[in-house]
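Only one structure is covered here, and it is reproduced in the block below.
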Amino acid sequence: MRTRGKQPGVPAPDSPWNEIVPGLWMGGHEFRGPSGRLEPAVANRQFDLVQTLLRAPGHGPDPGVEHQVWPIPDGPLDGTQLAGVIRLAEAACEALDGGRTVLVRCHHGYNRSGLVVAHALVRQGRTAEAAIRLIRSRRSPWALHNGLFVDYLRAGLPTARLLEGPAE
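If you want my numbering, it's the 1-based position in the sequence shown plus 124.
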């Protein structure tokens, strides 16, 4: 699967993950550690549910931790991919309602994870703009720097899904 990968000028985050609202965390597979070097972000048993949008072997979670994987590119999504994002956000909300902790992660924890977390926040009653602002304030100003994902959120993921249509 082709993803954006390393982008010039986009810094790695300073932490593996950040709590956006109580119980809902957003993160990636690598971060810049105290030494200034990139370090792997490995989810062990810190979370009850881990949702992965970009799989990286050796990054956990431990056996017994619920793990939902839906690899998507950090670029245009088709209707099927958007449906999966919607399902992940629904599952995250259900887990939170049940008192569970959730980590949503991708490469750096900026765009793909931001799309799922923002949609979960919208499902909980926030506007898309409020969700985007909250994510950027808690994770990084670089969160949701993919303008297409911001457009999807502003249109509403169900609407964007209908407009993008299924995969061919």
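Note that the Cβ used here is the ideal one computed from N, Cα and C, for glycine as well.
Fair warning: this is a prediction, and the values are worked out from it, not measured in the lab.
What's the gap between the Cα of E253 and the Cα of V274? Looking up residue 253 in the sequence shown gives position 129. Looking up residue 274 in the sequence shown gives position 150. Their backbone Cα atoms lie some 9 Å apart in a straight line.
Exposed or buried, what is N168 when buried is set at 16 or more other beta-carbons lying within 10 Å of its beta-carbon? As a working note, residue 168 is residue 44 in the sequence shown. Exposed, because fewer than 16 other Cβ atoms sit within 10 Å of the Cβ of N168.
Which first and last residues belong to the alpha helix (DSSP H) in which V240 is found? Within the sequence shown, residue 240 is the residue found at index 116, counting from 1. Note, V240: alpha helix (DSSP H), 236-247.
Specify whether the region 156-171 and the region 241-255 touch according to this definition: at least 3 beta carbon pairs, one from each stretch, less than 8 Å apart. no
Whole beta strand (DSSP E) runs in the region 201-284 with 3 or more residues, listed along the chain? 226-229
Looking only at its chain, what residues have a beta carbon closer than 6 Å to the beta carbon of D172, apart from the 5 residues adjacent to it on each side? The sequence position of residue 172 within the sequence shown is 48, counting from 1. Only R224, T225 meet the Cβ criterion.
Helix, strand or coil at L177 [DSSP, three-state]: For the purposes of this step, residue 177 is taken as the residue at position 53 of the sequence shown. Reduced to three states, the DSSP call for L177 is coil.
Report yes if the CB atom of A215 is closer than 8 Å to the CB atom of L148, and no otherwise. The residue labelled residue 215 in the question sits at position 91 within the sequence shown. The residue labelled residue 148 in the question sits at position 24 within the sequence shown. Contact flag unset, no.
Leaving aside the five residues before and after P140 along the sequence, list all residues of the same chain whose C-beta is less than 6 Å from its C-beta, in chain order. By one-based count along the sequence shown, residue 140 stands at place 16. Here the set comprises G151, F155, A165.
Straight-line CA distance for H183 to T176? Taking the sequence shown and counting its residues from 1, one reaches residue 183 at position 59. Taking the sequence shown and counting its residues from 1, one reaches residue 176 at position 52. Using only the alpha carbons, I get a separation of about 10 Å.
Report all residues from its chain with a CB closer than 6 Å to the CB of P185; omit the five preceding and five following residues, and keep chain order. To locate residue 185, count along the sequence shown from 1; it is residue 61. Around P185, the same chain offers A167, V174, H191 as residues with beta carbons nearer than 6 Å, after the five sequence neighbours per side are excluded.
According to DSSP, which residues form a beta bridge with L93? Outside the displayed span of the chain (125 to 292) sits residue 93, for which this structure offers no information.
Nearest-angstrom beta carbon gap, R236 and L178 [assumed within contact, 8 Å]: Numbered from its first residue, the sequence shown carries residue 178 at position 54. Numbered from its first residue, the sequence shown carries residue 236 at position 112. Right, the Cβ-Cβ distance comes to about 6 Å (below 8 Å), so this counts as a contact.
Among H269, V228, P187, the one whose alpha carbon lies nearest that of E143: In the sequence shown, residue 143 corresponds to position 19, counting from 1. Of the listed residues, the one whose Cα sits closest to E143 is V228.
Alpha-carbon to alpha-carbon, C217 and I259: Here residue 259 refers to the residue found at position 135 of the sequence shown. Here residue 217 refers to the residue found at position 93 of the sequence shown. Cα to Cα, the separation comes out at about 16 Å.
Apart from the five residues just before and just after Y234, which ones in its own chain have a Cβ nearer than 6 Å to its Cβ? Taking the first residue of the sequence shown as 1, we reach residue 234 at position 110. Contacts found: W266, A267.
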